[in-house]
Amino acid sequence: MKVQDVFEGRVAWKFGDDFDIDLVIGVTNIKYYDPDKLRSVLMQAYDPAFVDDVRPGDVIVGGRNFGYGHPHYPAMIAMRNAGVVAVVAESYAPGFWRGELYQGMPLVTVPGISEAVERWDDVAVDWKNATVRVGRTGQVLQGTPPSPHAIDVIEAGGGLNLLRAQYGTGSSTVPPAAAAVPHPTSERVT
Amino acid sequence: MGSTITEKILARAGGLDSVVPAQNAPFRPDYMIAYDYPGYTDVMFRQMKEDFGIERVKDPERYVLFIDHMTTRANERELQMHNVTRDWGRLNGVEVHEGVGIGHQVAAELGYAAPGNFLVHFDGHVSGLGAFGALGWGVRKDLLEAWVTGAVYLDVPASTRFHLEGSFSEGVDNRDLLHHIIATYGADACAHQVMEYAGPGAEAMSIDRRQGLCAMAMFTGAVSAIFNPDELSLEYSRRVARDEFEPVYSDPDATYTATHDVDLSALSPQVVLPGSAKSGNTRPIEDLVGTRLQHAYIGSCASGRIEEIRAAAEILQGKKVAEGVRFNVVPTSKKIYDQAEAEGLLDILTEAGAQVAQASCDFCVGYASPLEPGDNAISTGVLNISGRMGSTDASIYMGSAYTVAASALTGVITDPREVMS
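Sequences listed follow chains S and R, in order.
For the first sequence, the residue numbers in my numbering are 1 to 190.
For the second sequence, the residue numbers in my numbering are 1001 to 1421.
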C-alpha cells in the first residue's frame, strides 16, 4: 500500500525534549509485542484515555532529541497500532531515527513544531517535503526533508521491505543500490 | 578544505575520493559485527536464507559474531539461541567468539578495530572502537542491509571536536569526563555527529579510558566517537591487527560543527541520578554523598577494564565491602580477567567481599544479579533507566569505577578522593 504524501490528522500528544520513547508503554513492558497488551499499557502514565481518543491518521509531536536513550521498538508499534501515522519532532536521537525509519514510520523534522501546535490541533503533514500546516492558526512550518534514500525506505514500508524488493528471492530486477560501492558484496550461494 | 578522520574513513568505505556531511551513500564496512540476541540475530539468520536466498555468505571474514549476552544462566531457550548462532557461524565460515568477553572489547583485542577501519554493529556501543582511530557505528536493524548487500546507506556525519588539555586528577576518570560533557553541552550536543577527541589531554589518555569514553558517545546524541591514531593506539594495533591497516588522520583545516575545550585536571567526580543519562540528571558528587546503597557494579562495555579493576583494588585493599552491599566486579574480557588475576587484583577484591565474575553483558542488563524493588545501585553500566538492571522499582546511579568502589566500601555514595588520600 502506497504511503500517503500528506497526512491530515490531529496532534494526539506533544512530548518534551530528550523524550525516552520507552516511557509511553512503561519500561516494564518493553519486551511485549502483543497488540492487546501494548494497547492496554500505551500512554497509561500520561493519559489513560489516550487509546480511546486517538484516531487513525493522527500524529504525535516531539521536542528536541526525540527518542533519547536505548529506544526499543514496542512503544512505537503500540503507537502505530493505535492509529498514529507519523511523528513530527524538532529533532531526533539517531538511534530512534534509524530504528523507526527501518520500521517505515514517517519521521518529519520540523524545528519550531513544539511551539506551533497544541494537543488536538488539526494538522496537514507533508512528510516528503517536511511541511506542516496548522489548521488552527493557518501557519505553515518548513522542516528538513528526508534524504532520497529515507524516502525510498518509507515508501517501501520500511527497510526490510525495500531490501526485499531490491534483493529478495524471486524478486525484481531493481539494481542493487549498494553495488555502487566498488567492492565485492555478499552473493547468493545456494 | 580538509577532511575529518571520520570523513576519510567513510570516503574509503564508500569507494569515493571524498565525502561531505549530510551526503547519503552506501558504505562498505570492513567488519559487520553482531552479538546473538533474541529478535536480532536469530531473525537475521532466518531472513538471510528465506527472504534473500543467502545460504552462505560470500566473504565470511567480514562477518563477526559474539556470544556475550545470556551467558550466566542456562535454560533451554538460551541454549537453543546460542546453538543457532554456532550453527550459522559454522555453516558460513563466520567466526563466533564465545567465552572470551564482551564483544565491543574483544573486537579490539582480536584486532578488528585497526586504525582506519569502518565497523558496524546493531548495537551503538560499538563506538568504543573509536579509541583506535576506527569508526564504529551502531546501525540497528540496518545491519541486515550490510549483511545482505555488503554495504549500508548512511548520512555522512559532521564532527564536534573536544580539545582536551591536562590530565585526570586522582580519583577522576573518563566516566566523569563523559558525564561532564553531557551535563555541560547537553544530551543532543552532538546529535547525528561524531565526537572527535583531540589535544594533549587525549594523547595522554590511556587506551582503556579512550575505549570507555568512546563507548558512551550515544548519550550526547552522537553516532560515534573517535580519537586520531597516535603512537599508543598504533602500537596496540600493530600487535593485534588482523589485517594490514592504513591509518587516516583529520586534516588541520578540517571543518567541525563546534570545538569545545575541556581541562581534564579541573574535573571532579560526577554522579548521574536515576532515570536517564541525560544532562539534567548529572550532579557533582558532593550533592549525593551519603545516599544509601545496596548494590554496586563495575563492568560493562564502557568499564571493567584493567585500570578500573586496579582502581577498585586500590580502594578496597585490606578493607571490606560495607555490610548489606552486594558488589559485582565483572572484568570486560577473559584477557582482562586473567590479567587482573595475575596481578593479584581479583584476590584483593574477593578478600574484600566483592563478587567477581567472568566477563558477560548480563550484569549490565540485570540478567545476572538483578536489583530488587527498593534497591539503590551505583553502576559503571551504560544506562540507568528504571528496570535496566532488574526491578523497575530500583534506582540506578552511575559513576566512575573509583566512585563505585569507594561507595561499595562505605555503603553510601562516597567521593573516592576521600578514601584514596
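Glycine included, each C-beta is placed from N, C-alpha and C at the ideal position.
In terms of alpha-carbon separation, which member of the options lies closest to residue i?
i	options	result
Ala124(S)	Pro111(S), Val88(S) and Gly104(S)	Val88(S)
His1163(R)	Val1126(R), Ala1183(R), Met1205(R) and Glu1061(R)	Met1205(R)
Val1064(R)	Gly1093(R), Thr1072(R) and Gln1080(R)	Gly1093(R)
Leu1293(R)	Arg1086(R), Ala1108(R), Asn1117(R) and Pro1373(R)	Pro1373(R)
Gly1100(R)	Asn1075(R), Thr1071(R) and Val1084(R)	Sequence check: residue 1100(R) is Val here, not Gly. When each option's Cα is compared against that of Val1100(R), the closest is Thr1071(R).
Ala1013(R)	Pro1021(R), Gly1002(R), Ala1025(R) and Ser1003(R)	Ala1025(R)
Thr65(S)	Pro1247(R), Ser1167(R) and Gly1186(R)	Residue identity differs from the one stated: residue 65(S) is Asn in this sequence, not Thr. Residue Gly1186(R) is the option with its Cα nearest to Asn65(S).
Ala1113(R)	Ser1303(R), Ile1306(R), Met1216(R) and Arg1242(R)	Arg1242(R)
Gly16(S)	Gln142(S), Thr144(S), Gly112(S) and Pro48(S)	Gly112(S)
Leu1273(R)	Ala1266(R), Leu1288(R), Val1262(R) and Leu1267(R)	Leu1288(R)
Pro74(S)	Val85(S), Val41(S), Asp53(S) and Arg55(S)	Val41(S)
Tyr33(S)	Asp1030(R), Tyr1035(R), Gly1039(R) and Arg1028(R)	Gly1039(R)
Asn81(S)	Asp47(S), Val51(S) and Ser91(S)	Val51(S)
Ala45(S)	Arg136(S), Pro35(S), Asp36(S) and Asn29(S)	Asn29(S)
Val1325(R)	Ser1003(R), Ala1352(R), Gly1318(R) and Ile1306(R)	Ala1352(R)
Kindly indicate which three-state DSSP category residue i falls into: helix, strand or coil?
i	result
Leu1143(R)	helix
Phe96(S)	helix
Asp5(S)	coil
Glu1165(R)	strand
Asn1092(R)	helix
Gly1128(R)	helix
His1097(R)	strand
Ala156(S)	helix
Ile1102(R)	coil
Val51(S)	helix
Thr1257(R)	coil
Lys1335(R)	helix
Ala1025(R)	strand
His183(S)	Any reading at His183(S) is ruled out, since the residue's pLDDT is 48, under 50, leaving its predicted position unreliable.
Phe1245(R)	coil
Suppose the cutoff is 6 Å on Cβ atoms and the five residues either side in sequence are ignored; what does the same chain contact list for residue i look like?
i	result
Ile1054(R)	Met1048
Glu1007(R)	Val1019
Ser1379(R)	Tyr1297, Ile1396 and Met1398
Ala1225(R)	Ser1127, Gly1130, Met1195, Cys1214 and Ala1217
What is the rounded straight-line gap between the Cα of residue i and the Cα of residue j?
i	j	result
Trp1137(R)	Glu1145(R)	14 Å
His1069(R)	Ala1406(R)	28 Å
Lys1278(R)	Ile77(S)	25 Å
Leu1264(R)	Leu1177(R)	7 Å
Val3(S)	Lys14(S)	23 Å
Leu1110(R)	Ser1159(R)	28 Å
Arg119(S)	Arg10(S)	8 Å
Gly168(S)	Val1148(R)	10 Å
Asp122(S)	Asn1083(R)	52 Å
Glu8(S)	Ala130(S)	14 Å
Glu1061(R)	Ile1336(R)	25 Å
Ile60(S)	Ala86(S)	7 Å
Gly1002(R)	Pro1416(R)	43 Å
Gly1290(R)	Tyr1037(R)	38 Å
Kindly list the residues whose CB is nearer than 8 Å to the CB of residue i, restricted to its own chain and excluding five residues on each side of it in sequence; keep chain order.
i	result
Ser1233(R)	Pro1115, Ala1131, Phe1132, Gly1133, Ile1207, Arg1210 and Phe1227
Tyr102(S)	Val153, Gly158, Gly159 and Leu160
Trp97(S)	Gly67 and Leu107
Which same chain residues end up closer than 7 Å to residue i when comparing Cβ atoms and leaving out the 5 residues on each side of it in sequence?
i	result
Glu1098(R)	Ile1067
Ile1102(R)	Asp1068, Cys1301, Thr1332, Ser1333, Ala1359 and Cys1361
Asp5(S)	Asp126 and Lys128
Gly69(S)	Asp20 and Asp22
Do residue i and residue j have their C-beta atoms within less than 9 Å of each other?
i	j	result
Gly26(S)	Asp58(S)	no
Leu1346(R)	Val1356(R)	yes
Asp126(S)	Asp1188(R)	no
Val1240(R)	Leu1010(R)	no
Val1152(R)	Val1139(R)	yes
Leu1135(R)	Ile1033(R)	no
Thr1350(R)	His1260(R)	no
Ala93(S)	Ala1191(R)	yes
Ser1493(R)	Ala1222(R)	Limits of chain R in this structure are 1001 at one end and 1421 at the other, which puts residue 1493(R) out of reach.
Ile1315(R)	Val1419(R)	yes
Arg1073(R)	Tyr1367(R)	yes
Val1194(R)	Ala1312(R)	no
Arg1310(R)	Glu1286(R)	no
Val1120(R)	Pro1247(R)	no
Ala1401(R)	Glu1341(R)	no
Glu100(S)	Pro146(S)	no
Does the ligand NAD have even one heavy atom less than 8 Å from the beta-carbon of residue i?
i	result
Ala1222(R)	Among the components modelled here there is no ligand, and therefore nothing to report on the ligand NAD.
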